[in-house]
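In what follows, a single structure is set out as structure tokens and then discussed.
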Amino acid sequence: MSVKDLLTNPDILRELIMDHYQYPHNHELTKDTSYLRRHMASESCIDDITVQAKIDDGIIRDIRFDGVACTISTASTSMMTDLLIGKTIPEAQEIVSDYFHMVAGEDYDADLLEEAVAFKNVYKQANRIKCATIGWNAIKEILQESETQHDGQE
Amino acid sequence: MFDVKKIREDYPMFANHPDLVYFDNGATTFKPKPVINAVMDFYNSGTSNVHRGDYPLSVHADQLYDGARVKIAKFINCDPKEVAFTAGTTASMNQIAYGMEHVFLKPGDVILTTRTEHASNLLPWYRLEKNCGIKVEYIPADSQGRVHIEDAENAMHDKVKAIVIACVNNVLGAVQPIKELAKLAHEHGAYIVVDGAQSVPHRKTDVKDLDIDFLAFSGHKMCGPGGTGVLYGKYELLERMDPISLGGGMNARFDSCGDVILKSAPEKYEAGTPNIEGVIGLGAAAEYLMSIGMDNIHEREKQLRGYFAEKVKQLDNIEFYNPDNETGPVAFNAKGVFAQDAAGYLASQGIAVRSGNHCAKILHEIIGTDQTIRASLYLYNTEEEVDRCVKAMSEITLESAIGIFF
Ligand SMILES: Cc1ncc(COP(=O)(O)O)c(C=O)c1O
């Protein structure tokens with residue numbers, strides 16, 4: 001089976017979410033102050049996560065996160081870290097924007113999102129969209145902040 | 155005989171959602187036809203403002219509005235002039251805190267409450283801590299949210315000016331010994347303020363027998379319209395307290411020097427055009443509940459809750475936080491599954507429950523978890539619905555909870 005087939009198989013996608021929930025990746029915060037950070041506390045539910053990212057020379061060197069969150073929040077953030085580490089800011093922004101299209105129920109490019117296509121049906125449950133985007137919103141804000149800092153230096 | 159089948163016919167929501175199991179009654183309740191009709195009749199044929207209009211429709215609106223006050227007074231056993239209509243428990247509580255701040259309290263005074271309270275019964279008092287040096291202290295509650303009178307006695311001291319407590323807690327359903335607490339408060343020259351949001355809809359509340367000084371409750375949790383509620387206070391206290399809102403309908407006269415003479419209670423607490431149709435609907439709700447009988451409702455809920463609790467105790471995958479409380483919600487988690495994920499699975503099975511901290515944000519200091527699922531019942535729920543809920547609860551696993559997305 002090709003990767004493409006795997007990523008359209010609901011059983012595999014469910015396993016992926018479970019796996020990222022039970023064993024989240026990059027799930028430890030650092031005290032290193034060179035990381036940009038965002039604390040996201042949902043106003044409507046209990047989710048409360050912090051995302052940190054180290055960006056230099058326009059490249060995302062590392063992303064970490066921690067916090068209390070449901071399966072969807074935890075797994076979507078965990079996958080986000082995997083996807084974006086090593087990417088340039090424009091590459092990352094393209095992926096982030098594609099992801100937001102997907103969770104809004106709009107057209108998207110599955111190839112860009114890899115495992116994160118597991119969240120393609122979340123838009124059908126409006127009350128859970130915020131879960132699937134809490135970590136992604138954090139990185140989106142961090143990328144913006146990094147860009148403005150960068151602009152300032154030029 | 156309590157005929158649930160017949161009762162359910164009163165509620166159009168059931169006809170419109172035949173497959174829904176609605177166990178979120180702690181949040182809000184369905185409305186029966188007498189309430190809907192009372193509101194619709196006002197819209198269709200009774201619309202007019204209150205406060206002494208000079209034409210028959212307005213006189214009629216006044217009569218309906220004041221009639222609702224009489225019904226509520228009968229419902230909680232007080233004098234109609236001790237009933238002020240508000241927008242709900244939250245509004246009533248803010249009024250009580252404001253009124254107490256300005257008339258009854260001085261810096262250093264203490265408000266005694268519990269860690270199980272709802273935000274609308276804590277935040278107004280926290281504000282007094284900030285604004286005017288009043289202290290909030292807590293009576294300990296046990297692991298199922300219950301306050302024991304000995305603990306209240308130990309927590310009591312001369313600086314305490316009020317015991318502020320929900321008669322029934324909104325997460326755990328603990329029933330507090332209000333009568334004993336009222337006696338304790340009064341022995342120390344303190345007031346007793348009761349949040350009745352989760353008790354008044356479900357059991358007989360006799361403010362005279364309980365000797366309550368202030369009581370707050372919401373219409374929408376007792377089959378009534380949203381945006382309605384009641385502030386009950388002993389008349390002498392209502393007369394002494396100041397209203398939080400000033401405006402039309404509540405002043406007798408004023409002049410440009412700023413001298414205002416307020417009307418007497420309860421009108422002085424009802425500034426502005428009130429929610430007339432809502433209040434009329436609330437009166438209809440009280441009448442409806444009284445026609446079934448609050449004691450019958452209470453007995454029925456106890457029976458159904460007992461049936462539910464016995465079944466939940468047998469589920470190995472469920473952590474059940476309040477098995478021993480006779481009434482009120484069933485509070486639980488599915489082991490190893492985040493509350494919102496588990497509630498999502500129940501929703502996929504047509505069962506409406508609520509997950510989270512239920513506005514009781516410091517309750518976790520007592521039950522050790524900051525999120526639970528709450529299944530809350532009302533007079534119209536049935537054993538069949540409980541069975542469906544229990545079956546769905548037994549199926550909650552991490553896998554099934556994630557499965558709803560595929
Ligand atoms: C115990 C308790 N107090 C107060 C409130 C607030 O009621 P309302 O939102 O109707 O003002 C609620 C409702 O959630 C409650 O359960």
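From first to last, the protein sequence lines are chains A and B.
Counted the way our numbering counts, the first sequence spans residues 1 to 154.
Counted the way our numbering counts, the second sequence spans residues 155 to 560.
Where is the CB? At the ideal position from N, CA and C, for every residue including glycine.
Secondary structure at Ile139(A): helix, using DSSP grouped into helix, strand and coil.
These are the residues, in chain order, with a beta carbon less than 5 Å from any non-hydrogen atom of ligand 1: Gly242(B), Thr243(B), Thr244(B), His272(B), Ser274(B), Ala320(B), Asn324(B), Asp349(B), Ala351(B), Gln352(B) and Ser372(B).
Look at Pro10(A): its C-beta is under 8 Å from a C-beta on chain B. Per DSSP, reduced to three states, the secondary structure at Tyr292(B) is strand.
Neighbours of Gln525(B) in chain A, taken as residues whose beta carbon is under 8 Å from its own, are Ile46 in chain order. Remark: C-beta atoms of Ala273(B) and Lys515(B) approach each other more closely than 8 Å. In the structure shown, Ser146(A) adopts helical secondary structure according to DSSP, grouped into three states. In this structure, Val314(B) places its C-beta atom within 8 Å of the C-beta atom of Ala344(B). Its Cα nearest to that of Ala132(A), the residue Ile17(A) stands out among Ile17(A), Thr30(A) and Ile59(A). In this model, Arg37(A) and Tyr176(B) are separated by some 41 Å (Cα to Cα). In the three-state DSSP reduction, Asn450(B) falls in the helix class (H, G or I). Interface flag for Ile129(A) against chain B is unset, since no Cβ pair is found closer than 8 Å. At least one CB of chain B lies nearer than 8 Å to the CB of Met18(A). Boundaries of the beta strand (DSSP E) harbouring Leu36(A): Leu36 to Ala41, taken from the DSSP string.
Within chain A, no C-beta atom comes nearer than 9 Å to that of Asn324(B); the closest sits roughly 17 Å away. Contacts with chain B (Cβ-Cβ distance below 7 Å) from the stretch 71-98 of chain A involve Thr71, listed in chain order. At a cut-off of 8 Å, the C-beta of Leu7(A) has no neighbouring C-beta in chain B.
In this structure, the straight-line span from the alpha carbon of Thr33(A) to that of Phe65(A) is close to 15 Å. Taking the CA atoms as reference points, Asp233(B) sits about 55 Å from Gly557(B). Apart from sequence neighbours up to five positions away, the residues of its chain that approach Tyr99(A) with a beta-carbon distance below 7 Å are Leu113, Ala116 and Trp136, ordered along the chain. A distance below 6 Å between beta-carbons, with the five flanking residues on each side excluded, links Ala138(A) to the following residues of its chain, in chain order: Arg38, Met40 and Val51. Annotation for Leu500(B): the continuous alpha helix (DSSP H) segment containing it runs Ala493 to Ser502.
Contact check between the stretch 54-73 of chain A and the stretch 14-30 of chain A: three or more CB pairs, one atom from each, fall below 8 Å, which counts as touching.
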